[in-house]
Structure formats: structure tokens, C-alpha cells
Amino acid sequence: MEGQLCLSSIKMKYHLLTSKEKQVADFILNHAEQVVSMPVAELAEGAGVVKSAVIRCCKSLGFRGYASLKISLAKELVRNVQFNYVPYIAKEDGAPDIMDKIFSANIKTLHDTAERLDRAVLCEFVEGLARANRIYIYGIGTSAGIVNDFQYRLMQLGYTAFCFTDVVSMKVSALNVREGDMAIGICNSGRTIPTVEALRTARERGARTACVTSYPDSDIIRHCDHPLVIATDEIQYPIEAISARIAHISVLDAIAVSLSAKNPALAAERSAQVHDAVNTLRYGKEVEGWCRTGGTD
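Residue numbers 5 to 301, in our numbering, belong to the letters of the sequence shown in order.
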């Protein structure tokens, strides 16, 4: 697959591999720099498998064979050096070191996502939103904040948009979806059951469906007309999906701006109306002070 990243592909598809393929994948992850110059027989011996298992692993990851996997791996390692990317947090790292590593991971994720994102699906996503009667947005956990932000951005542009970030509301709201509406799921893993089920129900009721996720073979993809898959190579620390969240927000920002660009004059007028509406709030000294700053956070 053109533009595919070896290490990222392993992490995204690891759960789909067989036990023998996982042995190969683990060896590649742990000896990436050496694998670039290894013949297939040496890798097989190091992983404790036969050569055919290595080839099967390559194909399961989306590569034509071992040679194409090594080419992808070599390019990815060079890119990691360019971005100063280190895929782990060491015990001795202080706050400045951790900040540098997280920033470099975020930059790498944004760059990889921009390079690999399906532009045709992105356009379909935007067009679907532009035509939708009502928009339903679903996500829980670490995706909840992203869902709320995207819903507010769509409301600012004049769209009728709702967001749901708890299981009961997601289930009930999906029953209200109709043909002509659009339902969107924001889910890093693509396997969060309430979000997946909400999209499944919405699609069964005639709505167009879309999602933003980090895993191309996840459950949520099967219920989406317009799946957007970001490229993420999570740094190893005990907090889930940090760089993925940055990529999700950036993709959704691009979608919101693309919608506003369809009619710049109307978007500017709407922005002025929203600004005026916010500045007429009078709920106490704290709100008035916030309004005097222009209503921004």
C-alpha cells in the first residue's frame, strides 16, 4: 500500500494478527533498525517462526511482501529521526523531556495523517454535512470533549447539530434519526460499543453515517458511509490516545472550515451574529467580564 507506515500499521492491526504473525510483529517492533538490513530467514529465526509466517505477516499488514515492508520501515525510521520522535517515556525523563517527546509525537501524527488521509472521503464527509437536515454526533470517554467542540462549531455555522456523550442519550437519540440526517461517531479505537451501536442504529434508520477513528479495520468502519482514518503512532505512556486526539481535532477543524468556505459571506455574517449574541449575555459579573474579552476562551 503506497504511503503505508510499517510500525504504525503493526500497532493498528496487531489485534488482527495470528499468534505466529504477532511473534514477527513483536520482533520488528523491538528490532526495527536491525530489520531494515535483515534477510527474511534471519528475521524468521529471530522471531522463532518459519519464513512463510513472515510473508503472511507482511501481507496481513497490507504489504506486498517482505521487501516492501522493509522499504516502508526504512522510510519511517528516517522520518522518526527528522521529527525527533521517540516512542516511549523513560523513567528518568523530566517534564521538559516529556514535553519535547509529546510535541514531536503530535507533529509526526499530524504530518502522517495529512499525508495518508483519504481526501475523497474527506470531501464526501463535508458534502454529507452540508446536505444534512440534522447532525447527530456521538462519542464517550476521551472523545467526549472533541464531540462537544465539533457540535459547537457546527452550530456556529448555522447547522442543526446535537451531541451525545453518555450511553443512555446515545441509544435514545439514535432512535430519532431520520433519512436526510447524518450521524457521526468519534472513536479512537473504533470499538467503543455505544458509539458503534449508535451509528448502526442511525444507518438502519436511513441516515448517512461517518466516523473519525484511528483503526482502519475496527468495528465502527462497518457502519460508516464516510470513514476517516487518521494515522497515529502512540507514544508509550499510561495515558490513552494523546496524539490521536490532536489529529482528530485537526481533521474536524478542517471539516468545519471547509463548510464555512462553501459560502464565506454567509459564514462571516453568521460569525458576527454569534459574536453579538454572546456579547448580549448578562448573567452576572463573571459572564460580563468574559464577554468584554470578546467571548473567547
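A virtual CB, placed ideally from N, CA and C, is assigned to each residue, including glycine.
Given the structure is predicted, the values throughout are model-derived calculations rather than measurements.
Item                                                                                                                                                            : Value
Nearest to Ile111 by CA position, among Glu131, Leu256 and Val85, is which residue?                                                                             : Val85
Under DSSP, the alpha helix (DSSP H) around Val278 begins and ends at which residues?                                                                           : Pro268 to Asn283
Leaving out five residues on either side along the sequence, give the residues of the same chain with a beta carbon under 7 Å from the beta carbon of Ile305.   : Within the shown structure, residues of the chain are numbered from 5 to 301, placing residue 305 beyond reach of any answer.
Between the segment 135-142 and the segment 174-193, do three or more beta carbon pairs fall short of 8 Å?                                                      : yes
Report whether the distance from the Cβ of Arg207 to the nearest heavy atom of the ligand FMN is below 7 Å.                                                     : The ligand content of the structure shown is nil, which means the ligand FMN is not present either.
With distances taken Cα to Cα, identify the nearest neighbour of Arg182 among Asn137, Cys191, Lys74 and Lys26.                                                  : Asn137
Check whether the Cβ atoms of Gln155 and Val278 lie closer than 8 Å to each other.                                                                              : no
Leaving out the 5 sequence neighbours to the left and right, which residues in its chain are closer than 8 Å to Arg213 when beta-carbon positions are compared? : The residue asked about is misnamed: residue 213 is Thr in this sequence, not Arg. The residues are Met186, Ala187, Ile188, Gly189, Leu203, Ala206, Arg207, His227, Cys228, Asp229 and His230.
I need the straight-line Cα distance from Val54 to Glu131, nearest angstrom please.                                                                             : 49 Å
Between the alpha carbons of Val125 and Leu232, how many angstroms are there, rounded?                                                                          : 7 Å
Return the CA-CA distance between Met174 and Cys167, expressed in angstroms with no decimal places.                                                             : 9 Å
Could you tell me the alpha carbon to alpha carbon distance between Gly194 and Thr217, rounded to whole angstroms?                                              : 6 Å
Just verifying my parser: in three-state terms, what is the DSSP assignment at Met186?                                                                          : strand
Tell whether a beta-carbon distance below 8 Å holds between Val200 and Ile224.                                                                                  : yes
Just the C-alpha distance for Ala235 and Asn267, rounded to the nearest angstrom, thanks.                                                                       : 30 Å
With burial defined as no fewer than 16 other Cβ atoms inside 10 Å of the residue's Cβ, what is the status of Met5: buried or exposed?                          : Reliability of the predicted coordinates at Met5 is poor, the pLDDT of 46 falling under 50, and no value is obtained from them.
Assuming Pro231 is part of the alpha helix (DSSP H), what are its boundary residues?                                                                            : Element bounds for Pro231: not the alpha helix (DSSP H) but the beta strand (DSSP E), His230 to Val233.
Report all residues from its chain with a CB closer than 8 Å to the CB of Asp153; omit the five preceding and five following residues, and keep chain order.    : Ile253 and Leu256
Grab me the residues of Cys191's own chain with a C-beta within less than 7 Å of its C-beta, minus the 5 sequence neighbours each way, in chain order.          : Gly143, Ser147, Thr199, Cys215, Thr217 and Ile224
With Val40 as the anchor, note down where its beta strand (DSSP E) starts and where it stops.                                                                   : First-last for Val40: undefined, no H or E at that position.
Candidates Ala78, Lys24 and Gly98: which alpha carbon is nearest Gly52's?                                                                                       : Lys24
Name the two residues that bound the continuous beta strand (DSSP E) containing Phe166.                                                                         : Ala165 to Phe168
Would you mind stating whether Ala258 and Ser264 have Cβ atoms separated by less than 8 Å?                                                                      : no
Does the beta-carbon of Val176 have 16 or more other beta-carbons within 10 angstroms, so that it is buried, or is it exposed?                                  : exposed
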